[in-house]
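Peer 1: Heads up, the sequence shown is in the UniProt record's numbering, so the first residue is 1 and it goes up one at a time.
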Amino acid sequence: MSDNNNSLPNDFTIGYYLSNSKINRLKWNLFVDMCKERYNINVVPIDINKDINTINTRPYHVIIDKLTDELGDLDNPSNKQKVDYIQSLIDKFPSIVEVDPLESQKPVLSRDTLTKLLDKLNDVSPELNIKNPKFVLVPEDYDNNKDYTQLLKDANIKFPVVCKTIKACGSEESHYMGVVFNEKDLHQFKSPMLIQEFINHNAIIYKVFAIGDYIHVVHRKSIRNMNENENELIKFDSQKPFPASLLPTDGQELKIEIPSKSILSVISKDIQKNLDISLFGFDVIVDCETKKLAVVDINYFPTFSGVDDFYTLLIEHIINVYKRKSPSS
1 MSDNNNSLPN DFTIGYYLSN SKINRLKWNL FVDMCKERYN INVVPIDINK DINTINTRPY
61 HVIIDKLTDE LGDLDNPSNK QKVDYIQSLI DKFPSIVEVD PLESQKPVLS RDTLTKLLDK
121 LNDVSPELNI KNPKFVLVPE DYDNNKDYTQ LLKDANIKFP VVCKTIKACG SEESHYMGVV
181 FNEKDLHQFK SPMLIQEFIN HNAIIYKVFA IGDYIHVVHR KSIRNMNENE NELIKFDSQK
241 PFPASLLPTD GQELKIEIPS KSILSVISKD IQKNLDISLF GFDVIVDCET KKLAVVDINY
301 FPTFSGVDDF YTLLIEHIIN VYKRKSPSS
């Protein structure tokens, strides 16, 4: 048992709201059991159907949740009910500590917000060797029949480019993307959208998982290098296996160049400071020509696949957040 929980209340309780698929992927029941057996901490689901007016005492010391999909589609009454319920609970019992507040989960929904945030990383100290992709945000009212050439020229972007919807989660279309080699094919995508320069990165992506100050890095196969002489649009769903046209050829040797952990820590701290989130993942690629790092995506509360001792790291982090934020601690 950790010394970290010696000063916790005897009835210390963590309330959680996660989707069923998230609970299954995280094997959350193992986390619940470990907290009870090793720490004597209760981890219980938040019953969003319970009438808040019947709750007279604070039901949880801490709340941990992931509501990005719900926040991304508040026109759906079921989603709105979940979000409103959690917010009402916080409003009624302000001493409940949120691991990552609902307000802080909102910016992760929009590639507009995220891309502008990541662009600021270019201004961080030059020795960190960070150069994020050039981009242009195409507003919703942009005439799709209009030529995109000047827009790209003004942003100093050359083909190939990656096209994505502005919405980063909360809908199926948020995962549809394309690698585009000419202006004509940009018209196959609807605004609002993000057009981003494609950076060749030797088909390797580094997935960085952050749990508070702790980071863990794994590498995965990614999109092959592209050349400007190609011309066939490649559409894909980022949540599904890549089509063969995006993969490196069988004989291509993939060179692993894991970025320095100290640089990744600086990036992680910068994201935490700007977004006020502490459980997230971010994707990094290494430009195969300049060797500069580019951060190409941020995900809130991923599955932390490959992180050893995830459950221990998570409960220690939750306890630390509680001690830091709780008015009574």
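Where is the CB? At the ideal position from N, CA and C, for every residue including glycine. All figures in this text were calculated on a predicted structure; none of them were measured in a lab.
1. List in chain order: all unbroken alpha helix (DSSP H) runs of 4+ residues lying wholly within the stretch 122-187.
2. Measure the Cβ-Cβ separation of Ile166 and Pro192 and say whether it is below 8 Å.
3. Suppose the cutoff is 7 Å on Cβ atoms and the five residues either side in sequence are ignored; what does the same chain contact list for Lys292 look like?
4. With burial defined as no fewer than 16 other Cβ atoms inside 10 Å of the residue's Cβ, what is the status of Arg111: buried or exposed?
5. With 16 other CB atoms within 10 Å as the buried threshold, where does His187 fall?
6. Measuring straight from C-alpha to C-alpha, what distance separates His156 and Val321?
7. So Arg58 is in the alpha helix (DSSP H); what residue range does that whole segment cover?
8. Residues in the same chain with beta-carbon distance under 7 Å from Met1, minus the five sequence neighbours each way, listed in chain order, please.
9. Between the Cα of Asn299 and those of Ile90, Val286, Ile64 and Gln105, spot the shortest distance and give me the residue it belongs to.
10. When the Cα of Leu247 is compared with those of Val179, Leu194 and Gln272, which residue comes out closest?
11. Give the straight-line distance between the Cα atoms of Asn24 and Asn56, rounded to the nearest whole angstrom.
12. Can you say whether Asp237 is buried or exposed, counting buried as having 16 or more other CB atoms within 10 angstroms of its CB?
13. Among Trp28, Thr312, Asp154 and Asp283, which one has its Cα closest to the Cα of Thr115?
14. Hey, how far is the Cα of Thr176 from the Cα of Lys164?
15. Using the three-state DSSP reduction, which class does Thr312 fall into: helix, strand or coil?
Peer 2: With the given structure in hand:
1. Counting whole runs of 4 or more residues, the stretch 122-187 contains the alpha helix (DSSP H) stretches 149-154 and 183-186.
2. Yes.
3. Taken in chain order, the residues that qualify are Asn129, Ile130 and Lys131.
4. Classification for Arg111: buried.
5. That one is exposed.
6. The sequence as given places Asn at residue 156; His does not occur at that position. The alpha-carbon separation between Asn156 and Val321 amounts to approximately 43 Å.
7. DSSP places Arg58 in no alpha helix (DSSP H); its state is neither H nor E.
8. Confidence is the limiting factor: at Met1 the pLDDT is only 45, short of 50, which leaves the residue's position unreliable, though a coordinate-based value still follows. Counting only residues of its own chain and dropping the five nearest sequence neighbours on each side, Met1 has a CB closer than 7 Å to the CB of Arg38 and Tyr39.
9. The shortest C-alpha separation from Asn299 is found at Gln105.
10. Minimum Cα-Cα distance from Leu247 among the listed residues Val179, Leu194 and Gln272 corresponds to Val179.
11. So the alpha carbons of these two residues sit roughly 32 Å apart.
12. Its Cβ having fewer than 16 others within 10 Å, Asp237 is exposed.
13. Residue Asp283 is the option with its Cα nearest to Thr115.
14. At residue 176 the sequence reads Tyr, which differs from the Thr that was named. Our two residues, Tyr176 and Lys164, have alpha carbons roughly 7 Å apart in a direct line.
15. In this structure, Thr312 counts as helix in the three-state DSSP scheme.
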